[in-house]
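Novice: Just so you know, the protein sequences line up as chains A and B, in that order. First residue of the first sequence? That's 1 in full-length UniProt numbering, and the numbers climb one at a time after it. First residue of the second sequence? That's 1 in full-length UniProt numbering, and the numbers climb one at a time after it. One structure coming up, written as structure tokens, with questions to follow.
Protein chains: 2
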Amino acid sequence: MPTYTPPLRDMQFVLHELLNVSEGLRKLPQHADIDRDTIDSILEEGGKFCAEVLFPLNQVGDREGCTYKGDGVVTTPTGFKEAYQQFVEAGWGALGMDPDFGGQGLPHVIHSAFMEMMNSANQAWTMYPGLSHGAYNALHAFGTPEQKKVYLTKLVSGEWTGTMCLTESHAGTDLGILKTKAEPNADGSYSITGTKIFISAGEHDMSKNIVHLVLARLPDAPAGTKGISLFIVPKFIPDAEGVLGARNTFKCGSIEHKMGIHGNATCVMNFDGAQGWLVGAPNKGLNAMFVMMNSARLGVGMQSVGLAEVAYQNSLAYAKDRIQGRSLTGPKAKEKAADPIIVHPDVRRMLLTQKAYVEAARAFSYWAGLAIDREHKHPDEKVRKENADLVALLTPVIKGFITDNGYECTTLAMQVLGGHGYIAEWGLEQHVRDARINMIYEGTNSIQALDLLGRKVLGDMGAKLMKFGRAVQETIKPFTENPAMQEFIAPLNSLQSEVQKMTMEIGQKAMKNPDEVGAAAVPYLRLLGHLVFSFAWCISAGVAMRRLAEGASGDEAFYKSKLSTARFYFAKLYPETAALMQQARAGSSSLMELEEVNF
Amino acid sequence: MPTYTPPLRDMQFVLHELLNVSEGLRKLPQHADIDRDTIDSILEEGGKFCAEVLFPLNQVGDREGCTYKGDGVVTTPTGFKEAYQQFVEAGWGALGMDPDFGGQGLPHVIHSAFMEMMNSANQAWTMYPGLSHGAYNALHAFGTPEQKKVYLTKLVSGEWTGTMCLTESHAGTDLGILKTKAEPNADGSYSITGTKIFISAGEHDMSKNIVHLVLARLPDAPAGTKGISLFIVPKFIPDAEGVLGARNTFKCGSIEHKMGIHGNATCVMNFDGAQGWLVGAPNKGLNAMFVMMNSARLGVGMQSVGLAEVAYQNSLAYAKDRIQGRSLTGPKAKEKAADPIIVHPDVRRMLLTQKAYVEAARAFSYWAGLAIDREHKHPDEKVRKENADLVALLTPVIKGFITDNGYECTTLAMQVLGGHGYIAEWGLEQHVRDARINMIYEGTNSIQALDLLGRKVLGDMGAKLMKFGRAVQETIKPFTENPAMQEFIAPLNSLQSEVQKMTMEIGQKAMKNPDEVGAAAVPYLRLLGHLVFSFAWCISAGVAMRRLAEGASGDEAFYKSKLSTARFYFAKLYPETAALMQQARAGSSSLMELEEVNF
Numbered sequence: 001m002p003t004y005t006p007p008l009r010d011m012q013f014v015l016h017e018l019l020n021v022s023e024g025l026r027k028l029p030q031h032a033d034i035d036r037d038t039i040d041s042i043l044e045e046g047g048k049f050c051a052e053v054l055f056p057l058n059q060v061g062d063r064e065g066c067t068y069k070g071d072g073v074v075t076t077p078t079g080f081k082e083a084y085q086q087f088v089e090a091g092w093g094a095l096g097m098d099p100d101f102g103g104q105g106l107p108h109v110i111h112s113a114f115m116e117m118m119n120s121a122n123q124a125w126t127m128y129p130g131l132s133h134g135a136y137n138a139l140h141a142f143g144t145p146e147q148k149k150v151y152l153t154k155l156v157s158g159e160w161t162g163t164m165c166l167t168e169s170h171a172g173t174d175l176g177i178l179k180t181k182a183e184p185n186a187d188g189s190y191s192i193t194g195t196k197i198f199i200s201a202g203e204h205d206m207s208k209n210i211v212h213l214v215l216a217r218l219p220d221a222p223a224g225t226k227g228i229s230l231f232i233v234p235k236f237i238p239d240a241e242g243v244l245g246a247r248n249t250f251k252c253g254s255i256e257h258k259m260g261i262h263g264n265a266t267c268v269m270n271f272d273g274a275q276g277w278l279v280g281a282p283n284k285g286l287n288a289m290f291v292m293m294n295s296a297r298l299g300v301g302m303q304s305v306g307l308a309e310v311a312y313q314n315s316l317a318y319a320k321d322r323i324q325g326r327s328l329t330g331p332k333a334k335e336k337a338a339d340p341i342i343v344h345p346d347v348r349r350m351l352l353t354q355k356a357y358v359e360a361a362r363a364f365s366y367w368a369g370l371a372i373d374r375e376h377k378h379p380d381e382k383v384r385k386e387n388a389d390l391v392a393l394l395t396p397v398i399k400g401f402i403t404d405n406g407y408e409c410t411t412l413a414m415q416v417l418g419g420h421g422y423i424a425e426w427g428l429e430q431h432v433r434d435a436r437i438n439m440i441y442e443g444t445n446s447i448q449a450l451d452l453l454g455r456k457v458l459g460d461m462g463a464k465l466m467k468f469g470r471a472v473q474e475t476i477k478p479f480t481e482n483p484a485m486q487e488f489i490a491p492l493n494s495l496q497s498e499v500q501k502m503t504m505e506i507g508q509k510a511m512k513n514p515d516e517v518g519a520a521a522v523p524y525l526r527l528l529g530h531l532v533f534s535f536a537w538c539i540s541a542g543v544a545m546r547r548l549a550e551g552a553s554g555d556e557a558f559y560k561s562k563l564s565t566a567r568f569y570f571a572k573l574y575p576e577t578a579a580l581m582q583q584a585r586a587g588s589s590s591l592m593e594l595e596e597v598n599f
Numbered sequence: 001m002p003t004y005t006p007p008l009r010d011m012q013f014v015l016h017e018l019l020n021v022s023e024g025l026r027k028l029p030q031h032a033d034i035d036r037d038t039i040d041s042i043l044e045e046g047g048k049f050c051a052e053v054l055f056p057l058n059q060v061g062d063r064e065g066c067t068y069k070g071d072g073v074v075t076t077p078t079g080f081k082e083a084y085q086q087f088v089e090a091g092w093g094a095l096g097m098d099p100d101f102g103g104q105g106l107p108h109v110i111h112s113a114f115m116e117m118m119n120s121a122n123q124a125w126t127m128y129p130g131l132s133h134g135a136y137n138a139l140h141a142f143g144t145p146e147q148k149k150v151y152l153t154k155l156v157s158g159e160w161t162g163t164m165c166l167t168e169s170h171a172g173t174d175l176g177i178l179k180t181k182a183e184p185n186a187d188g189s190y191s192i193t194g195t196k197i198f199i200s201a202g203e204h205d206m207s208k209n210i211v212h213l214v215l216a217r218l219p220d221a222p223a224g225t226k227g228i229s230l231f232i233v234p235k236f237i238p239d240a241e242g243v244l245g246a247r248n249t250f251k252c253g254s255i256e257h258k259m260g261i262h263g264n265a266t267c268v269m270n271f272d273g274a275q276g277w278l279v280g281a282p283n284k285g286l287n288a289m290f291v292m293m294n295s296a297r298l299g300v301g302m303q304s305v306g307l308a309e310v311a312y313q314n315s316l317a318y319a320k321d322r323i324q325g326r327s328l329t330g331p332k333a334k335e336k337a338a339d340p341i342i343v344h345p346d347v348r349r350m351l352l353t354q355k356a357y358v359e360a361a362r363a364f365s366y367w368a369g370l371a372i373d374r375e376h377k378h379p380d381e382k383v384r385k386e387n388a389d390l391v392a393l394l395t396p397v398i399k400g401f402i403t404d405n406g407y408e409c410t411t412l413a414m415q416v417l418g419g420h421g422y423i424a425e426w427g428l429e430q431h432v433r434d435a436r437i438n439m440i441y442e443g444t445n446s447i448q449a450l451d452l453l454g455r456k457v458l459g460d461m462g463a464k465l466m467k468f469g470r471a472v473q474e475t476i477k478p479f480t481e482n483p484a485m486q487e488f489i490a491p492l493n494s495l496q497s498e499v500q501k502m503t504m505e506i507g508q509k510a511m512k513n514p515d516e517v518g519a520a521a522v523p524y525l526r527l528l529g530h531l532v533f534s535f536a537w538c539i540s541a542g543v544a545m546r547r548l549a550e551g552a553s554g555d556e557a558f559y560k561s562k563l564s565t566a567r568f569y570f571a572k573l574y575p576e577t578a579a580l581m582q583q584a585r586a587g588s589s590s591l592m593e594l595e596e597v598n599f
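Pasting the structure below:
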């Protein structure tokens, strides 16, 4: 019953009209020849695959879930395996990967847009190749040439999939206390022993081999995070040519019964002297882990963009179709027994909240995709560094702000459907359940907030934040002359200066009491999120106004819709910043004064 | 793995120290002899039943759900039937019901407190007797003496259960367009034909008979809500002595697969010329429906108080037990590998948000319970009217504000557990799924907001709101002399005057454009919610200060905890009002300007 249509026009608006990607990519030698038509046709084809192959499996996957068959065997829901086969054959998994290992070498920003559609269609399924991508990133950055030759080519082709084995039952946020051991063997390999939990895609029947990247401790490792190393631990041990040999000595012990993403196997992995190979330097595993993790955090943000988009589409369709009650200003659909519920202001609030959040989140995450391309491929080192800083600063905002909003959006989408929203067959409640994990995994949203305020902002005395501020001002400069733009520019500028002022205040308080950072971090992250979204709506409005002034060639309705949504954002969502500023300024005392025993 | 301990001390604080119930009840002739000890021992015993009998069935019910066996037969999860037997035998269902029909005649406020514990223990199970209570209320108010004799006694004893059959697939919020027909029979009964959906407890195996109260249209009924009548339609048709006879001609056609409350059967009911009897006057069914509905709305608020309480208890236990990372101000549990996560400011924010919301919601809903007792049983008509007005005004706030907060609280409780929160066995994710329905059923929260602002506030030009304002000022008067109380009284007073000012503004705008009501209603309801919670925390702080000044007889920690939680509320939750005021004032234009086709 639910439907999904890839939002190609909206994606093109961001890619071509807001970000001007083909112009930006022209400055990166390896992407200089990608034009707008190529991008559009890749996304159109990719969208078909998502809508026609992945989306029909979304409710099936939720209903059936994965099954633990005993003795380490896990089967995925009906159709998952076949869809993966199609995905690999069509080369979709290799889209953004390195041509040296068989990848198609497309820019990250295009990969981001494709990921949005995959996640709209089926988040649980998309996590299988998603985890491979994390493993690919770590091996690409830290693997030896031999490791890359064997493992990367198979991860790129999709013949094998990957995982990230970090968490243990007593060690989640705090990886420093993990216990899995790695004992050196005579042949240069290691014997890995320990139990990992919450391993997404840890065991399944979709690929010939599964490559686990496992954090463990060497015998002489220092305590804490400085004593963690990263190991490749393949399910079947390949020879130097990638031909599979013996089954390694570890198994999936069970899978979790969880709130959502039922189609993805969340595994307990028992490593029992399993053979593994060190990736990168001994005791430097956390560096490699952060390469996976940062990419995963951006990926999680994209999961919520995707879920919020599909939920919006279905709640909008319902709101136009469902007749119930009359408009407060008199009947609108006089020929019917009642008006469609989209006439009601509060139904519109629920729809526009989704629309405003999804479209800004799309702009924000594609922008980050392009920044990653620049960070890695721009010939000018200064530009690379500039973009690396912006990506570092905003990664926790993408993860934290977009996933919190994604949960709110899917919750609102359900609410538009009333009682039907609570019923499984309509599909909305699944989106809420799936969206809920995004606020937790790859670092809870509290951790994102601490990373943002403590490390990324105060860690360099606000230098990265100032860079972002300058980028904002530079981008809006072309619009500042237009008096009609003041309704958007004024609140953006006011928020930007408020955030800067508040950052200094918190920085000063934090020097006396580090708990002030923990107390302010969550509202601070949301404030920065609103700063980014104000920016996104400001330039969206600016571009829309310009196009309308130029005549908009038959597309007036589209641009007017952008203008109206921008107005809605500033009228109804931006005001949250008033509360957030008070909350961030309220400090730590009211949080800390109650003694633990008196809770 | 999850646990539940009835929060007796906190309940007593509200009943005896904030509300002074036994003094209040002394003025109601039929409750004049209930003292504090009686109340406490009823709740202690009731709490045992909830914790020992109902709570162990909560996860079972979620896992197994109800089963549709074909041919109209529905079975409930393992243990549900037996628990219901115990419930009936112990007389718990008859607690607040009329002694004329076998009830125990206890005050509503005690019933409310008992309902909180039942809902903490098992919302899905509690809905079975909960629906009976709605049917009881309607029959008690509108049934003939004969109907009462046959049906009420069985509903009170619990031998039979009841339902409310309102919704049809095309008619939910808008009952005026419902189609179920009632054709008069020669013997004075009616033949009911039509299909009802979303009928909670519509069919099950827990009681001997099920009494459906069905909304339907008489042949000559006027269109819309003025042509709806209410009928009793029993599953088995009783004779005048209540002896069961023929099976009536209707069946459960299927049950819904839904996000939560799996243990409660949500039924499609097909009435096929079923025999029914008119309740109340022809075409006046909506009056009777509102009697059920208002009681149900208060009951839904209590469901969320219960869920938020049990979620809080379990997230608190986890936060004290789970060690992970170190406090930002240096190690606290030096003997351990890490500190318990309750040392982190943001974990405390998540716990204190729950605590502040749950405790204020408890105070608010018990207060409403006592007001209902006064409304129905006070000898002075003026007092009855006064309380009726307050209950009418605040019912949508209880339903809307407490259930929205309940969802937020259970979502935060899950978040405290990180990845474990997403796993079913920990129990937290079930609370979120169960809490989600409370924002939808018995009138979505948008409808509550419209009812509040349109009907209850603007409908009498703010008269009921002024009454509430006077009640607030009278109650806080004993505390206003204390300078230490200003930190709580000042924000309460400021919010109260802001709400009054804003009400006039919206009223004036609404005269020109009725959509202004729909546009402001949801933030307005939350503002009024915060006004009530500010009031609750203000008097809680006042009482706590007084007790501490008196020496507090060994209970200092308890009262200090109230003071700290009040401070937290005003520092971190109250600031939401700054955003809400901007949102409510932003009006309808940004909601209405986008044309439907351009969404």
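From the three backbone atoms N, C-alpha and C, an ideal C-beta is built for every residue, glycine too.
Return yes when the Cβ of R585(B) is within less than 7 angstroms of the Cβ of E442(B), no when it is not.
Specialist: At the C-beta level, E442(B) and R585(B) stay beyond 7 angstroms of one another.
Novice: By a C-beta neighbour count over all protein chains shown, 10 Å radius and 16 as the cutoff for buried, is D71(B) buried or exposed?
Specialist: exposed
Novice: Looking only at its own chain, which residues have a Cβ that is under 6 angstroms from the Cβ of C267(A), when we skip the five neighbours before and after it?
Specialist: I199, G202, E203, C252, I255.
Novice: Using 7 angstroms as the threshold, is the C-beta distance between L525(B) and G400(B) below it?
Specialist: yes
Novice: Could you compute how far the alpha carbon of E116(B) sits from the alpha carbon of A51(B)?
Specialist: 12 angstroms
Novice: Between the Cα of V416(B) and the Cα atoms of Q354(B), M269(B), T503(B), which residue gives the shortest distance?
Specialist: Q354(B)
Novice: Mind pulling the chain B residues with CB within less than 7 angstroms of I177(A)?
Specialist: A337, A338
Novice: Report, in whole angstroms, the separation of the C-beta atoms of K149(B) and L139(B), which I expect to be a contact under 8 angstroms.
Specialist: Going by Cβ atoms, the distance from K149(B) to L139(B) rounds to 11 angstroms, so no, they are not a contact pair.
Novice: Under three-state DSSP, which class holds E183(B)?
Specialist: strand
Novice: Spell out whether any CB of chain A is found under 7 angstroms from the CB atom of D515(B).
Specialist: yes
Novice: Give me, in chain order, the residues of the same chain whose beta-carbon lies closer than 8 angstroms to that of G245(A); leave out the 5 immediate sequence neighbours on both sides.
Specialist: Contacts found: F236, I237, P238, D239.
Novice: Taking the alpha helix (DSSP H) that D404(B) belongs to, which residues open and close that run?
Specialist: 381-416
Novice: Could you tell me the alpha carbon to alpha carbon distance between residue 604(B) and V310(B), rounded to whole angstroms?
Specialist: There is simply no residue 604(B) to check, as chain B begins at 1 and stops at 599 in what is shown.
Novice: Check each candidate in E386(A), D100(A), Y407(A) and name the one with the smallest Cα separation from M466(A).
Specialist: E386(A)
Novice: Does the beta-carbon of V73(A) have 16 or more other beta-carbons within 10 angstroms, so that it is buried, or is it exposed?
Specialist: exposed
Novice: Using a threshold of 7 angstroms, state whether the C-beta atoms of G406(A) and L307(A) are closer than that.
Specialist: yes
Novice: To the nearest whole angstrom, what separates the beta carbons of L328(A) and G518(B), a pair I think is in contact under 8 angstroms?
Specialist: 5 angstroms
Novice: According to the neighbour-count rule (16 or more other Cβ atoms, all chains shown, within 10 Å of its Cβ), is N438(B) buried or exposed?
Specialist: buried
Novice: Who are the near neighbours of M97(A) in its chain, counting only those whose CB is closer than 6 angstroms to its CB and skipping five residues on each side?
Specialist: G103, V156
Novice: Output the boundary residues of the beta strand (DSSP E) element that contains Q275(B).
Specialist: 266-279
Novice: Does chain A have any CB closer than 7 angstroms to the CB of E17(B)?
Specialist: no
Novice: First and last residue of the alpha helix (DSSP H) that includes L3(B)?
Specialist: Just to set this straight, residue 3(B) is Thr in the shown sequence, not Leu. That residue, T3(B), is in no alpha helix (DSSP H); it is neither H nor E in DSSP.
Novice: Compute the distance between the beta-carbons of D434(B) and I539(B), then report whether it is under 7 angstroms.
Specialist: Between D434(B) and I539(B), the CB-CB gap reaches or exceeds 7 angstroms.
Novice: So that I know if they touch, is there some Cβ in chain A lying closer than 7 angstroms to that of D346(B)?
Specialist: yes
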